[in-house]
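Numbered according to the numbering used here, the sequence shown spans residues 126 to 239. Backbone N, C-alpha and C fix where the C-beta goes; we use that ideal spot for every residue, glycine too. One structure below.
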Amino acid sequence: MNQRKIIAMTPELYERWRRAREQAEAEMPELAELGRRMREAAAEDTLTGCLRRAVHRSARPLAEIASATGIGMQALNQFLSGDHTLRSDVLDRLAAAVNFSQLLSQIPAATYKP
Numbered sequence: 126m127n128q129r130k131i132i133a134m135t136p137e138l139y140e141r142w143r144r145a146r147e148q149a150e151a152e153m154p155e156l157a158e159l160g161r162r163m164r165e166a167a168a169e170d171t172l173t174g175c176l177r178r179a180v181h182r183s184a185r186p187l188a189e190i191a192s193a194t195g196i197g198m199q200a201l202n203q204f205l206s207g208d209h210t211l212r213s214d215v216l217d218r219l220a221a222a223v224n225f226s227q228l229l230s231q232i233p234a235a236t237y238k239p
C-alpha cells in the first residue's frame, strides 16, 4: 500500500492546492459541505473530536485505517463527518490504528481538565 509523503508546503504549492480546492468545491458543492462537516466534527472539544483529529493527522491512508479498524470506508467517513457514531469496541480499534494512546501521552498534564 502507498505511504503518504509529507513535504514542505511552499507558497507555490499552497497556491496550486488552494486553486484546485476552490475548483473542486465549485464543481461539487456537496464535497465542500462534507469538508465543512468534517472540520467541524474534528474541532469538537471532546474525546471523539480528538480521535477524529488523530485520524486526519495520521500518516496512514484512510482505507488502511478503516481496514485495521474492521469497518468500511463509508462508516469511517460518516464518523469523521460527525454523521454517525461508532460502538465503543470500534472506537478502541480506531484508536489503536492511529496510535491514539501515544498521542494522548504527549499532552502536557497542565492541559488536563477534570
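Pairwise C-alpha distance: residue j and residue i
{"i": "Leu188", "j": "Leu201", "result": "Per the sequence shown, the amino acid found at residue 188 is Ala instead of Leu. Cα-Cα distance, rounded: 9 Å."}
{"i": "Pro244", "j": "Ala149", "result": "The structure shown has nothing for residue 244, since the chain only spans 126 to 239."}
{"i": "Leu172", "j": "Arg218", "result": "15 Å"}
{"i": "Thr194", "j": "Val215", "result": "7 Å"}
{"i": "Cys175", "j": "Gly160", "result": "17 Å"}
{"i": "Glu155", "j": "Phe204", "result": "17 Å"}
{"i": "Arg182", "j": "Lys130", "result": "12 Å"}
{"i": "Gln199", "j": "Arg164", "result": "17 Å"}
{"i": "Glu147", "j": "Met134", "result": "17 Å"}
Outcome for residue i when other beta-carbon atoms lying within 10 angstroms are tallied against a minimum of 16
{"i": "Arg177", "result": "buried"}
{"i": "Ile132", "result": "exposed"}
{"i": "Ala220", "result": "buried"}
{"i": "Thr210", "result": "exposed"}
{"i": "Ala145", "result": "exposed"}
{"i": "Ala167", "result": "buried"}
Cβ separation of residue i and residue j, assumed to be a contact under 8 Å, to the nearest whole Å
{"i": "Ile196", "j": "Val223", "result": "In fact, because the Cβ distance is near 13 Å, the residues do not count as touching under 8 Å."}
{"i": "Arg162", "j": "Ser206", "result": "4 Å"}
{"i": "Gln128", "j": "Ala184", "result": "7 Å"}
{"i": "Ala157", "j": "Phe225", "result": "Not a contact, Cβ separation roughly 28 Å."}
Chain E within 8 Å of residue i, Cβ atoms only
{"i": "Val215", "result": "Absence of chain E from the displayed structure is noted, only one protein chain being present."}
> What are the start and end residues of each continuous alpha helix (DSSP H) run of 4 or more residues lying completely inside the segment 132–179, in chain order?
Replying inline: 136–152 and 154–167
> Going along the chain, which unbroken runs of the alpha helix (DSSP H) with 4 or more residues stay wholly within the segment 179–207?
Replying inline: 187–194 and 198–205
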